Amino acid sequence: MPDYDCFPIWGMDDDNFGNIDPYSLPISKSLAEELLGWANKYDKTLNIDEPLNSGFENIEKENIFKYEGEKLLKKLKLELGDQYTVIYPRI
């Protein structure tokens, strides 16, 4: 789940609630880098001067971002296996 200036992965259980560094998970370095790159794309949509004007330049770029998130979800589920529950909230 993207959020400004955060890692794109969140723990939602009592023992691990909050933002999670992808490098701390048992996933490949390349997937961790992809996840951080995806988060960086989202960070670039932040308008510091006018936060209410933050967002993607157009709907096409937003849809591409969402599609990339869905692809990363599949990769993350595959690499984490059954030890983790992975969800991707609709954004």
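In my numbering, the protein residues as written are -19 to 71.
Glycine included, every Cβ here is placed at the ideal spot set by N, Cα and C.
Bear in mind the structure is a predicted one, so any value in this text is a computation, not a measurement.
Once DSSP output is grouped into helix, strand and coil, what is the label at ASN(-4)?
strand
By the 10 Å Cβ neighbour count, where 16 or more other Cβ atoms means buried, how is LEU52 classified, buried or exposed?
It counts as buried.
Residue(s) in a DSSP beta bridge with ALA(-10):
Rather than Ala, the amino acid found at residue -10 in this sequence is Trp. Per DSSP, ASN(-1).
Given a threshold of 16 other Cβ atoms within 10 Å of its Cβ, counted over all protein chains shown, does ILE39 qualify as buried or as exposed?
exposed
How far does the alpha helix (DSSP H) with SER10 in it reach, from first residue to last?
9 to 23
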